[in-house]
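Its first residue numbered 2, the sequence shown is counted upward by one per residue in the numbering used here.
Backbone N, C-alpha and C define an ideal beta-carbon position, used for all residues, glycine too.
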Amino acid sequence: MRPVRRPSAPSNQPRPPFNPLAARRLRAALGMGPEHVAHGMRVSYGLPHVTPDLVVAWERGIASPGGQELTALAGMLWCSPGELIGRPRSLREHRITRGLAPEDVARTVGMELGAYLRAEETDGWRGTERQSAALAHVLGLDLPDFVAVTGREDKLAELLRSAVTTRWQAYVRPVAKLVPLDRDIVEDVLQELHEDYQGHMAATLSWGGGATGASDSGRDFLDRIVENFWTAVQRTTA
2 MRPVRRPSAP SNQPRPPFNP LAARRLRAAL GMGPEHVAHG MRVSYGLPHV
52 TPDLVVAWER GIASPGGQEL TALAGMLWCS PGELIGRPRS LREHRITRGL
102 APEDVARTVG MELGAYLRAE ETDGWRGTER QSAALAHVLG LDLPDFVAVT
152 GREDKLAELL RSAVTTRWQA YVRPVAKLVP LDRDIVEDVL QELHEDYQGH
202 MAATLSWGGG ATGASDSGRD FLDRIVENFW TAVQRTTA
């Protein structure tokens with residue numbers, strides 16, 4: 002097998018989370034070999050560096066395609082780019098999943114292209130409330146994804162940890178300001194999380210785990226605090 006050429010992506014353009022198994026299954030379902038996929042990407046999409054060995058490397062998880070390669074691969078496999086990637090983790094990855102160009106998103110949200118690209122590169126969203134609503138709509142973002150891609154998740158985690166370990170009432174307003182949820186929902190969720198955390202700590206101690214056991218259990222709860230928050234929100238609003 003010839004050495005696989007792996008074109009380097011620019012440092013400020015991380016590759017999307019590729020799903021090797023999905024690519025392999027889709028190709029097999031079409032009855033195509035890696036050589037057919039590579040040939041089509043070279044001829045139809047102008048990517049002369051793509052070889053059968055590179056396609057195999059993608060399918061084995063040894064390498065992953067960049068944005069242009071991913072779009073071409075999706076075209077060859079008759080699927081959307083979103084079918085070839087895992088759960089999006091960033092603003093750029095959500096855009097790629099939707100098969101949109103940055104110009105399309107910038108125009109839809111009413112933002113200069115340069116400003117939008119900076120938001121992708123820095124994972125820092127500075128849009129207005131109207132622009133944020135348009136962004137969520139065009140990218141199909143649910144609330145947890147919106148909070149994550151606009152760079153608010155770390156701050157949310159910090160507030161939630163403080164809320165469950167101290168007086169949760171003091172954090173209703175800061176959390177409600179950070180996350181666009183009704184204040185009553187935030188109150189109910191913070192109270193639930195606080196009680197869960199305190200009860201979990203007390204139960205661990207009563208089971209004879211001692212301070213170390215309680216500490217480990219509490220740390221695990223706090224490590225998953227954002228996940229616990231969204232689970233509680235879903236339960237409260239169901």
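Look at ILE186 here: in three-state DSSP terms it is helix. If you draw a straight line from the Cα of ARG174 to the Cα of THR237, it is about 18 Å long.
Distance between ALA102 and ASP224, taken at the CA atoms: about 35 Å. Short of 7 Å from the beta carbon of ARG184, and not among the five residues preceding or following it, lie these beta carbons of its own chain, in chain order: VAL173, ALA177. Taking each of LEU179, LEU114, GLY128, GLN170 in turn and checking the Cα distance to LEU194, the smallest one comes out for GLN170. Per DSSP, the continuous alpha helix (DSSP H) segment holding ASP105 begins and ends at 103 to 110.
The segment 85 to 94 and the segment 140 to 153 touch, with three or more beta-carbon pairs separated by less than 8 Å. Approximately 6 Å separates the beta-carbon atoms of ALA24 and TRP59; this is inside 8 Å, confirming the contact. Closest in C-alpha terms to THR167, from the list ASP54, GLN192, GLY67, PRO145, comes GLN192.
Per DSSP, the unbroken alpha helix (DSSP H) holding GLY41 starts and ends at 35 to 46. Beta-bridge partners assigned by DSSP to PHE19: ILE86. Residue state for ALA116 is assigned as helix, using DSSP reduced to three classes. Under the three-state reduction of DSSP output, THR52 falls in the coil class, being neither helix nor strand. Between the C-alpha atoms of MET77 and GLN199 there is a straight-line separation of about 54 Å. Of GLY128, GLU130, ALA64, the smallest CA-CA separation from PRO21 is found for ALA64.
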